[in-house]
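Input: a single structure, listed below in structure tokens.
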Amino acid sequence: MNILLELGLYFSLLSLLSVGGMPSVIGEMHRYVVESRGWISHNDFVEMFALGQAAPGPNVLISSLIGWKIAGVPGALVTLAAMCGPAGVLSFWVAGVWERLQGTAWRAIAQRAMAPMVVGLILSGGFVLATPGGTPDWRLWIIAAGSAWAMVATKLNPLWMLAAGAAAGAILL
Amino acid sequence: MPVTPPRSLAELFLGFLSIGARSFGGVMPWAHRVIVEERRWMSPEEFTATIGLCQFLPGPNVGNASIVLGRKWFGLKGSIVAFLGFFGLPFLWVLALASLYSEFALQPGVKSVVTGVAAAGAGLFIGTAIKLGKPIAHKPWAIVVLMACFIAVGIGRVSMLIVIPAAALISYYLAKRGLL
Numbered sequence: 002m003n004i005l006l007e008l009g010l011y012f013s014l015l016s017l018l019s020v021g022g023m024p025s026v027i028g029e030m031h032r033y034v035v036e037s038r039g040w041i042s043h044n045d046f047v048e049m050f051a052l053g054q055a056a057p058g059p060n061v062l063i064s065s066l067i068g069w070k071i072a073g074v075p076g077a078l079v080t081l082a083a084m085c086g087p088a089g090v091l092s093f094w095v096a097g098v099w100e101r102l103q104g105t106a107w108r109a110i111a112q113r114a115m116a117p118m119v120v121g122l123i124l125s126g127g128f129v130l131a132t133p134g135g136t137p138d139w140r141l142w143i144i145a146a147g148s149a150w151a152m153v154a155t156k157l158n159p160l161w162m163l164a165a166g167a168a169a170g171a172i173l174l
Numbered sequence: 028m029p030v031t032p033p034r035s036l037a038e039l040f041l042g043f044l045s046i047g048a049r050s051f052g053g054v055m056p057w058a059h060r061v062i063v064e065e066r067r068w069m070s071p072e073e074f075t076a077t078i079g080l081c082q083f084l085p086g087p088n089v090g091n092a093s094i095v096l097g098r099k100w101f102g103l104k105g106s107i108v109a110f111l112g113f114f115g116l117p118f119l120w121v122l123a124l125a126s127l128y129s130e131f132a133l134q135p136g137v138k139s140v141v142t143g144v145a146a147a148g149a150g151l152f153i154g155t156a157i158k159l160g161k162p163i164a165h166k167p168w169a170i171v172v173l174m175a176c177f178i179a180v181g182i183g184r185v186s187m188l189i190v191i192p193a194a195a196l197i198s199y200y201l202a203k204r205g206l207l
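Quick mapping for you: the protein sequence lines, in order, are chains G and R.
Our numbering applies: residue 2 is where the first sequence begins, and numbers increase by one.
Our numbering applies: residue 28 is where the second sequence begins, and numbers increase by one.
Encoded structure:
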């Protein structure tokens with residue numbers, strides 16, 4: 002199959018699954034493009050993730066960087082459009098309905114049902130990124146634990162955690 | 028302080044452009060600053076309600092918010108204009124940065140630094156999960172669902188296409204019984 006078409010279809014599906022945003026689907030994205038299709042290496046994936054996190058802008062741009070690495074600028078456009086499109090259409094449509102559901106039992110139940118799933122999925126994304134090939138590397142885990150702690154315990158701009166990660170990487174890795 | 032919605036598509040575009048352009052280290056704080064504090068397009072309460080909806084929906088939160096708010100003020104045209112304004116500059120910058128990076132990628136030391144940044148980024152995800160998980164940590168069934176999702180997707184590497192529908196059904200049932 003044409004690679005742009007396949008990227009478009011796959012990222013459209015991810016778009017609809019991405020409750021909780023980009024962090025929820027990063028583990029699945031890695032599974033597909035690195036482990037299942039072998040389009041790019043784990044290293045490429047991690048590099049694009051790091052660039053996407055450090056650059057200004059929404060972190061959904063990580064998907065366009067992955068698309069860029071796989072299929073150049075057309076790949077970047079296709080993955081971004083596919084990642085935002087279906088969810089965007091859904092948002093457009095639901096925006097009207099949601100107001101009317103305010104205070105209904107269904108809305109409260111749906112919100113409570115989703116919370117633990119989103120947390121488990123985001124945790125998966127963090128774990129996959131910090132554990133290349135499923136093999137623990139304590140140096141990566143220490144860096145990840147440090148920035149997770151800083152995020153929970155302080156109100157620092159996350160850029161400081163990324164900068165500390167860069168410094169720790171230069172020393173430890 | 029009275030709130031005034033954007034009067035023209037150009038104003039909407041420029042507002043979202045300035046959110047995208049300045050959002051170093053996270054978009055949400057900048058969206059709040061521009062929409063609520065600088066341009067006073069809506070009250071803090073309305074903003075929180077909109078973001079709540081966008082967090083509930085799949086897709087990038089602030090990307091969805093650009094669509095929902097654009098629609099609220101100008102219909103479909105507004106959605107498209109706000110979305111393009113928001114993504115335009117960050118999309119160009121991130122590609123420029125990636126091209127620049129490929130020039131230096133083979134320099135010694137670059138890989139270590141980038142791997143370190145990625146590990147710290149992974150930590151930010153874990154920190155986010157901890158923050159979101161705190162309010163539900165006292166519910167045993169929430170921990171079960173959370174760990175089941177983590178083990179299936181994070182460790183077992185099972186496709187989300189299988190995990191999400193299964194987990195959603197179970198989770199919805201538990202929530203309905205008042206267990207979540």
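Cβ atoms here follow ideal geometry from the backbone N, Cα and C, with glycine treated the same way.
Between which residues of its own chain and residue i is the CB-CB distance below 7 Å, once the five residues before and five after are set aside?
i, result
"Val137 of chain R", "Phe131"
"Ala169 of chain G", "Ile144"
"Ala48 of chain R", "Leu116"
"Lys70 of chain G", "Ile41, Asp45, Met49"
Measure from the alpha carbon of residue i to the alpha carbon of each residue in the options, then state which is nearest.
i, options, result
"Ala175 of chain R", "R:Ala109, R:Ile94, R:Ala194, R:Arg98", "R:Ala194"
"Arg34 of chain R", "R:Pro56, R:Val140, R:Ala202, R:Arg66", "R:Arg66"
"Leu8 of chain G", "G:Leu18, G:Trp40, G:Glu36", "G:Trp40"
"Val34 of chain G", "G:Gly22, G:Ser64, G:Asn60", "G:Ser64"
"Val20 of chain G", "R:Gly205, R:Leu201, R:Val190, R:Ala202", "R:Val190"
"Ser13 of chain G", "R:Gly86, R:Phe40, R:Phe177", "R:Gly86"
"Ser50 of chain R", "R:Phe113, R:Val141, R:Gln82", "R:Phe113"
"Phe40 of chain R", "R:Gly150, R:Ala169, R:Thr142, R:Ser93", "R:Ser93"
"Ile143 of chain G", "G:Pro117, G:Ala165, G:Leu122", "G:Ala165"
"Gly76 of chain G", "G:Thr132, G:Tyr11, G:Trp107", "G:Tyr11"
"Ile170 of chain R", "G:Arg113, G:Phe50, G:Gly68", "G:Arg113"
"Lys203 of chain R", "G:Leu66, G:Lys156, G:Ala111, G:Leu81", "G:Ala111"
"Val72 of chain G", "G:Ala171, G:Thr105, G:Met152, G:Leu5", "Per the sequence shown, the amino acid found at residue 72 of chain G is Ala instead of Val. That would be G:Leu5, whose Cα lies nearest to the Cα of Ala72 of chain G."
"Val153 of chain G", "R:Val172, R:Tyr199, R:Ile157, R:Thr77", "R:Ile157"
"Thr80 of chain G", "G:Ile172, G:Met30, G:Val129, G:Gly121", "G:Met30"
"Gly127 of chain G", "R:Ala123, R:Ser198, R:Ala149", "R:Ala149"
"Gly183 of chain R", "G:Leu17, G:Ser16, G:Gly28", "G:Gly28"
"Met115 of chain G", "R:Leu119, R:Tyr199, R:Glu73, R:Ala125", "R:Tyr199"
"Ala88 of chain G", "G:Ser16, G:Val74, G:Val47", "G:Ser16"
"Asn158 of chain G", "R:Trp68, R:Val30, R:Met55", "R:Met55"
"Leu196 of chain R", "G:Ala167, G:Ala171, G:Pro117", "G:Pro117"
"Leu119 of chain R", "G:Pro57, G:Ala146, G:Arg140, G:Trp99", "G:Pro57"
"Gly42 of chain R", "R:Thr75, R:Ala58, R:Val95, R:Ala76", "R:Ala58"
"Val98 of chain G", "R:Phe152, R:Thr142, R:Val95, R:Leu127", "R:Val95"
Once the 5 residues before and after residue i are set aside, which same chain residues still bring their CB inside 8 Å of it?
i, result
"Leu36 of chain R", "Phe101, Lys104, Gly105, Val108"
"Asn60 of chain G", "Gly22, Met23, Pro24, Gly53, Gln54"
"Gly90 of chain R", "Phe110, Phe113, Phe114"
"Leu201 of chain R", "Trp168, Val172, Leu207"
For chain G, is any of its Cβ atoms less than 8 Å away from the one on residue i?
i, result
"Val30 of chain R", "no"
"Met174 of chain R", "yes"
"Ser186 of chain R", "yes"
"Val144 of chain R", "yes"
"Lys203 of chain R", "yes"
"Thr75 of chain R", "no"
"Gly47 of chain R", "yes"
"Ala37 of chain R", "no"
"Ile189 of chain R", "no"
With a cut-off of 8 Å, does the C-beta of residue i fall near any C-beta of chain R?
i, result
"Glu29 of chain G", "yes"
"Pro59 of chain G", "yes"
"Trp40 of chain G", "no"
"Phe93 of chain G", "yes"
"Arg32 of chain G", "yes"
"Trp69 of chain G", "yes"
"Leu8 of chain G", "no"
"Trp99 of chain G", "yes"
"Val129 of chain G", "yes"
"Val79 of chain G", "no"
"Phe50 of chain G", "yes"
"Gly166 of chain G", "yes"
Any heavy atom of the ligand NAP within a distance shorter than 7 Å of the CB on residue i?
i, result
"Thr105 of chain G", "Among the components of this structure there are no ligands whatsoever, and the ligand NAP is therefore not found."
Alpha carbon to alpha carbon, what distance is there between residue j and residue i?
i, j, result
"Gly1 of chain G", "Gly181 of chain R", "Residue 1 of chain G lies beyond the residue range present for chain G, which begins at 2 and ends at 174; the question has no answer from this structure."
"Ala83 of chain G", "Leu44 of chain R", "21 Å"
"Val144 of chain R", "Leu80 of chain R", "31 Å"
"Val140 of chain R", "Gln134 of chain R", "11 Å"
"Thr136 of chain G", "Ala164 of chain R", "28 Å"
"Ala147 of chain R", "Leu174 of chain G", "13 Å"
"Ser92 of chain G", "Leu102 of chain G", "14 Å"
"Leu124 of chain G", "Val172 of chain R", "13 Å"
"Lys161 of chain R", "Trp94 of chain G", "31 Å"
"Glu36 of chain G", "Met187 of chain R", "14 Å"
"Trp107 of chain G", "Ser129 of chain R", "49 Å"
"Gln82 of chain R", "Ser148 of chain G", "23 Å"
"Leu122 of chain R", "Ala51 of chain G", "13 Å"
Which residues of chain C have a Cβ atom closer than 7 Å to the Cβ of residue i, listed in chain order?
i, result
"Val20 of chain G", "As a matter of chain content, chain C is missing from the structure shown, whose protein chains are G and R."
Restricting to runs no shorter than 3 residues, where is the beta strand (DSSP E) found entirely within the stretch 78 to 157 of chain G?
none
Counting only runs of 4+ residues fully inside the stretch 15 to 48 of chain G, write out the alpha helix (DSSP H) ranges in chain order.
23 to 31
At 3 residues or longer, what runs of the beta strand (DSSP E) sit wholly inside the stretch 125 to 183 of chain R?
none
If we require 4 or more residues per run, which alpha helix (DSSP H) segments fall completely within the stretch 37 to 88 of chain R?
55 to 59, 71 to 83
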